[in-house]
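Only one structure is covered here, and it is reproduced in the block below.
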Amino acid sequence: MKEKTALKICESALYFLAALVFYLLVNLWASATSVPFGDFARALPFGLFLADSVYFLFALHLLTHPLNETKRIKTAEVNGALLLILSFVGILSQAVYYRLGYQPSWISGGITPFYPLDGFIGHFVLLILGSGLYLFSRYLRKHHRNYEWSVHEWQGHGKVWTSIFRPFFALIALYFMGALLLAPFRINAFAEHAGSLVGFFLLMLLPSVMLAFYEWDYLDKEPLPQRQRLYRNSVILTLAGLILALWYWLAQALDPRFLSESLIALFPWDFMLQVKIAPYLLLLSCLGSSLIAFLHYLNRSVLKKPKNA
Amino acid sequence: MQLNDLEWSSFTDIAHQKDYLMHLISSAKATSNSQILDLILLNGNSFSLADKTVVKNLLDCLEAFAVPFAFVWGNDDLQGSYRLADLETALKNCPHAVYANPMDSVTGNSNYEITLRDNGTARYALYAFDSSGYDLSGVPLRYDNAYIRADQVAWLERQASYVGPVPSLGFLSLAPLEFSNAYEGRNYNKMVFEKNGAITTPSGNSTLLSRITRLNFKGLFFGQDHANDFVLDLQGLRVGYGVKSGSEKGFATSPTQSYLLGGESKSLQILGGSLYTLSASGDFSLDHLYLQDDGAYTLVKERYQ
Chain W
1 MKEKTALKIC ESALYFLAAL VFYLLVNLWA SATSVPFGDF ARALPFGLFL
51 ADSVYFLFAL HLLTHPLNET KRIKTAEVNG ALLLILSFVG ILSQAVYYRL
101 GYQPSWISGG ITPFYPLDGF IGHFVLLILG SGLYLFSRYL RKHHRNYEWS
151 VHEWQGHGKV WTSIFRPFFA LIALYFMGAL LLAPFRINAF AEHAGSLVGF
201 FLLMLLPSVM LAFYEWDYLD KEPLPQRQRL YRNSVILTLA GLILALWYWL
251 AQALDPRFLS ESLIALFPWD FMLQVKIAPY LLLLSCLGSS LIAFLHYLNR
301 SVLKKPKNA
Chain H
1 MQLNDLEWSS FTDIAHQKDY LMHLISSAKA TSNSQILDLI LLNGNSFSLA
51 DKTVVKNLLD CLEAFAVPFA FVWGNDDLQG SYRLADLETA LKNCPHAVYA
101 NPMDSVTGNS NYEITLRDNG TARYALYAFD SSGYDLSGVP LRYDNAYIRA
151 DQVAWLERQA SYVGPVPSLG FLSLAPLEFS NAYEGRNYNK MVFEKNGAIT
201 TPSGNSTLLS RITRLNFKGL FFGQDHANDF VLDLQGLRVG YGVKSGSEKG
251 FATSPTQSYL LGGESKSLQI LGGSLYTLSA SGDFSLDHLY LQDDGAYTLV
301 KERYQ
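Just so you know, the protein sequences line up as chains W and H, in that order.
Sequential numbering from 1 applies to the first sequence in the numbering used here.
Sequential numbering from 1 applies to the second sequence in the numbering used here.
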């Protein structure tokens with residue numbers, strides 16, 4: 001198996017774990033808004049663990065799709081060192097908290113069933129992964145390795161905007177994938193709202209499907225020319241987005257309480273603030289990104305032939 | 001005893017809040033005429049973005065008091081990382097829990113009635129109404145708080161005719177809109193205790209308040225707004241807030257009242273619980289017990305009069 005394919009498989013597998021972790025992180029933040037800082041501070045090392053885990057996914061993505069050898073080495077070196085430092089800070093702070101009595105026990109529960117022990121062990125895993133990344137950069141400096149370098153298909157301002165919006169979109173996709181994975185444990189009254197909920201679950205899945213298309217059927221894919229793939233993928237995903245948006249609006253009209261009766265436990269921010277954040281964030285991000293992909297297809301400067309042709 | 005808005009979350013200092021509750025219950029017992037508590041009623045928002053561990057902690061704590069306790073749903077109870085059925089199962093497993101979610105088509109879950117009997121004769125009825133949940137709002141992209149629906153009021157009337165014309169008290173988490181209208185329109189005889197913040201109500205107008213005046217209701221009580229504990233006299237019917245219980249998610253201090261701690265004057269914390277003493281004649285006395293979270297657990301008691 002090619003090194004790049006192996007890394008992509010690792011990245012895809014890690015995606016589901018990072019999705020759960022990111023979902024927990026966002027909801028932890030929701031809980032933290034209503035408690036004094038002193039109470040929230042006790043969970044900071046755990047929050048750092050959650051954030052570092054998501055950060056590792058991004059570092060792995062950059063390592064999988066480097067533009068050239070120098071960037072690959074720097075990606076491994078800088079992200080490895082940062083992960084190492086952050087996880088060390090996490091371990092140290094957790095140990096100090098325990099020593100000072102801020103944590104009553106190693107398994108007190110509350111945020112997860114094994115909190116804070118799971119975060120403490122997780123920091124050690126990240127410490128190992130960070131060290132591994134850093135050592136890999138040292139290895140790469142000494143040994144040249146052939147690799148399929150990626151090409152950044154956007155130029156100028158587009159390059160800047162995509163480097164901002166893609167991670168943001170990835171975070172949205174992670175959050176909803178995390179919510180979807182936990183839905184069986186948090187959903188109420190499924191039978192009463194099954195028709196509406198199935199469409200909404202598909203909508204929650206769509207951002208991750210878009211990322212999967214991007215990862216596996218767009219980046220580095222040969223021999224189909226990029227313009228054709230861009231056209232096909234953007235049309236498929238826009239259509240899927242439109243169908244699911246229509247499904248959602250129909251469900252809202254015919255079964256207006258399906259979200260509030262079934263998914264309160266899944267989207268605490270929405271019901272805390274009493275604003276429909278989740279459905280409209282999903283609709284905007286799915287329709288917006290597929291529209292951008294289609295506009296990008298219309299851009300004449302996008303490669304018409306495979307880069308290696 | 002009515003407890004309101006305990007708001008235990010994943011960040012709660014469980015040991016401290018347990019200690020507070022223990023002192024509150026002991027103070028209430030010591031204050032009551034009979035030195036015992038017959039019922040603790042958790043009137044909504046007992047949890048806030050909690051998980052099953054937090055639920056277990058609170059229910060274990062309540063079980064330890066060996067006093068029957070009733071549970072009423074509030075909005076915040078729905079937002080935890082558990083299914084509604086999980087919490088109901090946890091309640092069913094508590095020997096002292098009084099909770100019913102009848103398999104009917106009435107809106108909400110905690111619509112039930114507790115009949116207090118004396119030698120087999122019904123003397124008083126306590127009604128729990130489920131005001132949790134959300135409705136679509138008239139404002140785009142927003143949710144509104146759910147209001148007590150016509151089918152819940154119809155259920156109340158059916159239940160009241162079944163129980164008979166005994167004096168009754170009602171409990172729900174969220175104030176109905178008619179209460180806010182009565183306050184704004186000054187359509188009340190008197191106001192006791194404090195209003196330190198806005199009144200949260202749903203936009204939908206229920207007929208609950210107007211209907212209970214035709215039944216033998218003596219009072220209707222709710223929570224949700226931590227800063228308020230005022231009670232209005234609406235033509236003989238007492239309607240108003242309970243006292244926020246425990247310091248989680250914030251509470252108010254009185255701008256006018258103070259108490260002495262070690263010779264030093266301190267602003268009164270609007271924190272504690274409401275104690276109801278029901279008499280066979282149908283009358284009842286209402287005390288707000290302000291148990292200060294000041295390390296010494298100083299108790300300040302005020303009676304509705």
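C-beta: ideal position from N, C-alpha, C; glycine also.
Of all residues in the region 248-267 of chain H, the ones placed with a Cβ closer than 9 Å to any Cβ belonging to chain W are E248, K249 and G250, in chain order.
Listed by position along chain H, the residues whose Cβ is nearer than 8 Å to that of I111/W are S10 and D51. Around the beta carbon of F69/H, 16 or more other beta carbons lie within 10 angstroms, which makes this residue buried. Interface annotation, M272/W: in contact with chain H, CB-CB separation under 9 Å.
Using a Cβ-Cβ cut-off of 9 Å, A85/H counts as an interface residue toward chain W, since at least one Cβ of chain W sits closer than that to its own. No Cβ of chain W is located within less than 9 Å of the beta carbon of D5/H.
For N299/W, no beta strand (DSSP E) segment is defined, and its DSSP state is neither H nor E. The alpha-carbon of L242/W is positioned some 48 Å away from that of L3/H. Apart from the 5 residues on each side of it in sequence, D144/H sits with its Cβ closer than 8 Å to the Cβ of Y134, D135, L136, S137, G138, P202, S203 and G204 in its chain, given in chain order. Within chain W, the residues R186 and A265 have their CB atoms less than 7 Å from the CB of S81/H, given in chain order. In this structure, DSSP gives M1/H a state outside helix and strand, which the three-state scheme calls coil.
The DSSP assignment places 231-234, 237-241, 252-261, 264-270 and 272-278 as complete runs of the beta strand (DSSP E) inside the region 226-283 of chain H, in order along the chain (cut-off: 3 residues). In this structure, F217/H sits away from K195/H, with a CB-CB distance that is not shorter than 9 Å.
With the criterion set as a beta carbon lying under 7 Å from some beta carbon of chain W, the region 270-286 of chain H has no members that meet it.
About 7 Å separates the beta carbon of A32/W from that of F11/H, a gap short enough to meet the 8 Å contact definition.
Collapsing the DSSP output to three states places D151/H in a helix.
CA-to-CA, the gap between D38/H and V67/H works out to about 6 Å. If only uninterrupted alpha helix (DSSP H) runs of at least 4 residues are considered, those enclosed by the region 115-187 of chain W are 117-142 and 156-186. If only uninterrupted alpha helix (DSSP H) runs of at least 4 residues are considered, those enclosed by the region 62-102 of chain H are 84-92. For T121/H, no alpha helix (DSSP H) segment is defined; the enclosing uninterrupted segment is the beta strand (DSSP E) at T121 to A128. Going by C-alpha positions, Y188/H is about 6 Å away from D233/H. If you ignore the 5 residues before and after A30/W, its C-beta comes within less than 8 Å of the C-beta of P268, W269 and M272, all in its own chain and listed in chain order. Cα atoms of G44/H and G250/H: separation of roughly 16 Å, rounded to the nearest angstrom. L86/W sits away from D118/W, with the two beta carbons spaced by 9 Å or more. For a Cβ distance threshold of 7 Å, nothing in chain H lies close to Y175/W: the least Cβ distance comes to about 15 Å.
It is roughly 26 Å from the alpha-carbon of L237/W to the alpha-carbon of P184/W.
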